[in-house]
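Let me begin by presenting the structure, written as structure tokens, before commenting on it.
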Amino acid sequence: MSDLFSSFSIAASGMEAQARRLRHVSENISNADTPGYRRKTVDFRAEIDRASGTTQVSVGPVQLDPRALPRIYDPGHALADETGFYDGSTVDLMIEIADAREASRSYDANLRVFDQTRQMAQGLLDLLRR
Amino acid sequence: MTLFSAIAAKTYDHARMAAAPAPSVPPARSEAGFGAALGQFASTLHTAEATATQAMMSRADPHALVEALAATELAVETAVTVRDKVVDAYLEILRMPV
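Residue numbers (my numbering), protein chains in the order written: chain Y, -10 to 119; chain E, 180 to 277.
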């Protein structure tokens, strides 16, 4: 039974990680037009819980996109310098949307594992009940 | 005939040995195990309660809340099922014609 219980916490850690990822994706999308914004990414790492011996997923520190900011030509812009260019953001909406979709799929997978675990435990209890 | 009764006595002796109550270590251990299980059950309930309170105050993660509640549901259901089994067994013994 304790394996089933740890499946719960592992699946929950997966969902938490994907939720965090989606949070950064939404930050990126909402700042797609912010001048000078660098897109944020997070990486995932395996984390071994010493008490239960399970391997959960944890989210690493936020990393900023190291690429050079694109120069956008718009002489009428408030932030434009004397040559008429200003710094755009490094966000590519296509990449962000693909990332969001991937986060959603991984979240679904973890949700299924959670549900499956519950069904298995329920089945075991039903066996005891009859 | 003497041989037969000797064999019978020996067999009886074996059976008596086999059926003799074991030394008191196993019962003590099983009691401790039951106590530990009860403690674990109580701590599961307590965790769920604390997480639910925190989630209501929008401090805890909803994932933690769902996880704690699912674990509690499972624990409570296990406890209820085991209780029903024990009560059933007890009633069965009560109904036994003496």
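All C-beta atoms, glycine included, are put in the ideal place defined by N, C-alpha and C. Model, not experiment: these values are computed from the prediction.
Does the CB of L58/Y have a neighbour CB from chain E at under 8 Å? no
At a CB-CB cut-off below 9 Å, which residues of chain Y make contact with K264/E? L117 and R118
Which ranges would you report for the beta strand (DSSP E) in the region 69 to 116 of chain Y if only whole runs of at least 3 residues count? 74 to 76
Of all Cβ atoms in chain E, is any one closer than 8 Å to the Cβ of A98/Y? no
Going along the region 86 to 114 of chain Y in order, which residues come within less than 7 Å of chain E, judged by CB to CB distance? R107, A110 and L114
Could you work out which residue in L116/Y, Q45/Y, V31/Y and A1/Y is closest to E85/Y when comparing CA atoms only? V31/Y
Rounded to the nearest angstrom, what separates R101/Y and S(-5)/Y at their Cα positions? 15 Å
Say whether chain E places a C-beta atom closer than 8 Å to the C-beta of S41/Y. no
Which residues in chain E sit within 7 Å of F(-3)/Y, going by Cβ to Cβ distance? E246, A249 and A250
Can you pull out the residues from the region 216 to 246 of chain E whose beta carbon lies closer than 8 Å to at least one beta carbon of chain Y? D240, H242, A243, V245 and E246
Taking Cβ-Cβ distances shorter than 8 Å, what residues in chain E pair up with A1/Y? H242, A243, V245 and E246
Measure the Cβ-Cβ separation of L82/Y and I18/Y and say whether it is below 8 Å. Taking 8 Å as the cut-off, the Cβ atoms of L82/Y and I18/Y count as close.
Once the 5 residues before and after E246/E are set aside, which same chain residues still bring their CB inside 6 Å of it? none
Between which residues of its own chain and D38/Y is the CB-CB distance below 7 Å, once the five residues before and five after are set aside? The answer, listed in chain order, is Q45.
Tell me where the alpha helix (DSSP H) around T251/E begins and ends. P241 to L273
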